[in-house]
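Numbering (the working numbering), first residue to last: 12 to 435. The structure under discussion appears below in the form of structure tokens.
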């Protein structure tokens, strides 16, 4: 951009604006306006919105991910770096990961014969997958996670744990008790290592097969032509229990290889030593790529939504809200809404919500771990009661993606953030 001030040309750099476009052109300003403009431009540049996420290759080069990643090779979703984000975090609860994949098996051949391994009951580490999902969601910086022990305790208290499923009315109760805005449900629909034609060395996976192999197998080495994992991610509104969004993702890794010293499988803990070895296997990498895809889709849907709160109580001139640190900050303003009669669907028994009437604004002056306290700006607090709704006035931050990838060209594959910016 070139600024003309008192007939003096001043060359400046192109400043990247939050919407991904550059300011270009020639403008003429007074000295005062010029100074204000420069300060404003530096402020915009300092607060420039980062890309949602980057794919990182083996050499460490970062390429901003496009909005649509369905056709991206799984290799590009294996090592994902999440962009910087300092906005509001969405409070979510991750429900138990469910396994609906079909039973398959493979055979390891040793000196004493074959050992058949059920890859579903033995090879799908549901607890580990849940831990990986939670870890990736945390690293995205977009979510405030409800602790697993809180979720388990709530489900047990509400007697929802026996069937492993959560009914619609139950989901709403869970969300309300936990203070979550959304419930996340992940389902494994396909888990296919596809070991046909593989050769196995003497491997240390005895614990994985219940000790049948004993000391027969030492170090494991194999190569796989193709491994595939498919998962379904569902976003459930914690207020209405409705499934807001459902996305099927799939990751296929071809011509992957693995060599490692035996014994990693079956280590203690949800991840532990298991993760370090599992993540190096073709099926493990396919799983991680699938989870990265799923979390990317979650961020697109609810990772930047406007934050809402519920009134816990009103005491004098104080309004207590169920939002705490990490979700709301001192000085934030919210608009209060009083809720009318709850409308219940006569067929399903589900809440359809209630009519809302705007009361006015409040301002947060104290933030605790799990709640915050606000005072009125122009709201009549005599009209406010527990359960009423408050919406943060701060708009949701926009999402910034890299340029679309073309299926018939590799010209923009591995593109850096700077190169991607130049395309806008």
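Where is the CB? At the ideal position from N, CA and C, for every residue including glycine.
Original post:
If you compare alpha carbons, which of 365, 87, 376 and 357 is closest to residue 71?
Top reply: Along the chain shown, one-based indexing puts residue 71 at 60. The option with the nearest alpha carbon to residue 71 is 87.
**OP:** Hey, could you find the ends of the beta strand (DSSP E) residue 476 is sitting in?
**Re:** Because residue 476 is not part of the residues shown, which for the chain are 12 to 435, the question remains open.
**OP:** Report the rounded CA-to-CA distance for residue 152 versus residue 91, giving the unit in angstroms.
**Re:** Position 141 of the chain shown, counted from the start, is the residue given in the question as residue 152. Position 80 of the chain shown, counted from the start, is the residue given in the question as residue 91. Answer to the nearest angstrom: the Cα atoms are 13 Å apart.
Subject >> Proximal residues to residue 449 (C-beta, below 6 Å), its chain only, five neighbours per side dropped >> reply: Beyond the ends of the chain as shown, which are 12 and 435, falls residue 449; an answer cannot be given.
**OP:** List the residues that DSSP assigns as beta-bridge partners of residue 92.
**Re:** Residue numbering aside, residue 92 sits at position 81 when the chain shown is read from its first letter. In DSSP, residue 92 forms a bridge with 65.
Subject >> Buried versus exposed call for residue 397 [16 or more other C-beta atoms within 10 Å across all chains shown] >> reply: Taking the first residue of the chain shown as 1, we reach residue 397 at position 386. So residue 397 ends up on the exposed side.
**OP:** Determine the direct distance from the alpha carbon of residue 295 to that of residue 203, and round the result to whole angstroms.
**Re:** On the chain shown, position 192 is the one that residue 203 refers to. On the chain shown, position 284 is the one that residue 295 refers to. Residue 203 and residue 295: Cα-Cα distance of roughly 11 Å.
Original post:
Using CA coordinates, which residue listed in 384, 348, 347 and 293 is at the minimum distance from residue 331?
Top reply: The count along the chain shown starts at 1 and reaches residue 331 at position 320. If we check each option's Cα against that of residue 331, 384 comes out closest.
Subject >> Endpoints, the beta strand (DSSP E) within which residue 348 is located >> reply: As a first step, residue 348 is located in the chain shown; it is residue number 337 there, counting from the start. Note, residue 348: beta strand (DSSP E), 344 to 350.
Subject >> Inter-residue spacing [alpha-carbon to alpha-carbon] between residue 93 and residue 356 >> reply: Residue mapping note: residue 93 aligns to position 82 of the chain shown, counting from 1. Residue mapping note: residue 356 aligns to position 345 of the chain shown, counting from 1. Straight-line Cα distance between these residues: approximately 41 Å.
Original post:
With distances taken from CA atoms, which of 65, 82 and 370 is nearest residue 264?
Top reply: If you number the chain shown from 1, residue 264 lands on position 253. The residue with the shortest Cα to Cα distance from residue 264 is 82.
Subject >> Cβ distance (whole Å) where residue 375 is taken to contact residue 322 below 8 Å >> reply: One-based indexing of the chain shown puts residue 375 at position 364. One-based indexing of the chain shown puts residue 322 at position 311. 13 Å between Cβ atoms; not a contact.
**OP:** Taking the CB atoms as reference points, tell me whether residue 372 and residue 349 lie closer together than 7 Å.
**Re:** As a first step, residue 372 is located in the chain shown; it is residue number 361 there, counting from the start. As a first step, residue 349 is located in the chain shown; it is residue number 338 there, counting from the start. No, the Cβ-Cβ distance between residue 372 and residue 349 is not below 7 Å.
Original post:
Who are residue 383's beta bridge partners in DSSP?
Top reply: Indexing the chain shown from 1 puts residue 383 at position 372. Bridge partners of residue 383: 332 and 378.
**OP:** Return helix, strand or coil for residue 145, following the three-state DSSP convention.
**Re:** On the chain shown, position 134 is the one that residue 145 refers to. In this structure, residue 145 counts as helix in the three-state DSSP scheme.
Subject >> Residue from 300, 95, 157 and 196 whose Cα sits closest to the Cα of residue 253 >> reply: Numbered from 1 along the chain shown, position 242 holds the residue referred to as residue 253. The residue with the shortest Cα to Cα distance from residue 253 is 196.
Subject >> Where residue 254 sits in the DSSP three-state scheme >> reply: Here the question's residue 254 lines up with position 243 in the chain shown. If DSSP states are grouped into helix, strand and coil, residue 254 belongs with the strands.
Original post:
Three-state secondary structure (DSSP) at residue 259?
Top reply: On the chain shown, residue 259 is found 248 positions in, with the first residue counted as 1. Here residue 259 sits in strand by DSSP.
Original post:
What's the gap between the Cα of residue 302 and the Cα of residue 145?
Top reply: Here the question's residue 302 lines up with position 291 in the chain shown. Here the question's residue 145 lines up with position 134 in the chain shown. About 10 Å.
Subject >> residue 335 vs residue 405 beta-carbon contact at 7 Å >> reply: On the chain shown, residue 335 is found 324 positions in, with the first residue counted as 1. On the chain shown, residue 405 is found 394 positions in, with the first residue counted as 1. Cβ atoms of residue 335 and residue 405: not closer than 7 Å.
**OP:** Quick one: using the 10 Å Cβ neighbour count with 16 as the cut-off for buried, is residue 389 buried or exposed?
**Re:** For the purposes of this step, residue 389 is identified with residue 378 of the chain shown, where counting begins at 1. It is exposed - the Cβ of residue 389 has fewer than 16 other Cβ atoms within 10 Å.
Original post:
Are there 16 or more other CB atoms within 10 angstroms of the CB of residue 69, so buried, or fewer, so exposed?
Top reply: The count along the chain shown starts at 1 and reaches residue 69 at position 58. Exposed.
Subject >> Option in 77, 194, 61 and 109 with minimal Cα separation from residue 103 >> reply: Translated into the one-based positions of the chain shown, residue 103 becomes position 92. Among 77, 194, 61 and 109, the Cα nearest to that of residue 103 belongs to 194.
Original post:
Which first and last residues belong to the alpha helix (DSSP H) in which residue 297 is found?
Top reply: Start at 1 with the first residue of the chain shown, and residue 297 comes out as number 286. 293 to 313 is the extent of the alpha helix (DSSP H) around residue 297.
Original post:
Does DSSP classify residue 137 as helix, strand or coil?
Top reply: Stepping through the chain shown from its first residue, residue 137 is reached at position 126. Of the three classes helix, strand and coil, the one that applies to residue 137 here is helix, per DSSP.
Original post:
Measuring CB to CB, does residue 201 end up less than 7 Å from residue 112?
Top reply: On the chain shown, position 190 is the one that residue 201 refers to. On the chain shown, position 101 is the one that residue 112 refers to. The answer is yes: Cβ separation under 7 Å.
**OP:** Please determine, among 74, 377 and 150, the residue with the shortest C-alpha to C-alpha distance to residue 310.
**Re:** The count along the chain shown starts at 1 and reaches residue 310 at position 299. Considering only alpha carbons, the answer is 150.
Original post:
Does the beta-carbon of residue 97 have 16 or more other beta-carbons within 10 angstroms, so that it is buried, or is it exposed?
Top reply: Position 86 of the chain shown holds residue 97. Residue 97 is exposed by the Cβ-count criterion.
Original post:
In chain order, what residues of the same chain lie with their CB nearer than 6 Å to the CB of residue 5, ignoring the 5 residues before and after it?
Top reply: Since the first and last residues shown for the chain are 12 and 435, residue 5 lies out of range.
Subject >> With 16 other Cβ atoms within 10 Å as the buried cut-off, status of residue 326 >> reply: What you label residue 326 is simply residue 315 of the chain shown in a count that begins at 1. Classification of residue 326: exposed, given that the 10 Å Cβ count is below 16.
**OP:** Under 8 Å by Cβ, that's how I've got residue 307 and residue 80 pegged, so tell me the actual separation to the nearest angstrom.
**Re:** Residue numbering aside, residue 307 sits at position 296 when the chain shown is read from its first letter. Residue numbering aside, residue 80 sits at position 69 when the chain shown is read from its first letter. At roughly 6 Å, the Cβ-Cβ gap stays under 8 Å, so residue 307 and residue 80 are in contact.
Original post:
Nearest-angstrom Cα distance between residue 338 and residue 100?
Top reply: Within the chain shown, the letter at position 327 stands for residue 338. Within the chain shown, the letter at position 89 stands for residue 100. Straight-line Cα distance between these residues: approximately 5 Å.
Original post:
Can you tell me where the beta strand (DSSP E) with residue 320 in it begins and where it stops?
Top reply: Looking up residue 320 in the chain shown gives position 309. Here the beta strand (DSSP E) through residue 320 covers 319 to 326.
**OP:** Could you check the C-alpha separation between residue 260 and residue 401 for me, to the nearest Å?
**Re:** Within the chain shown, residue 260 is the residue found at index 249, counting from 1. Within the chain shown, residue 401 is the residue found at index 390, counting from 1. Roughly 34 Å between the two C-alpha positions.
**OP:** Identify whether residue 74 lies in helix, strand or coil by the three-state DSSP scheme.
**Re:** Start at 1 with the first residue of the chain shown, and residue 74 comes out as number 63. Note: residue 74 maps to strand in three-state DSSP.
**OP:** For the beta strand (DSSP E) holding residue 200, just list the boundary residues, first then last.
**Re:** Locating residue 200 in the chain shown gives position 189, where the first residue counts as 1. Unbroken beta strand (DSSP E) run through residue 200: 193 to 203.
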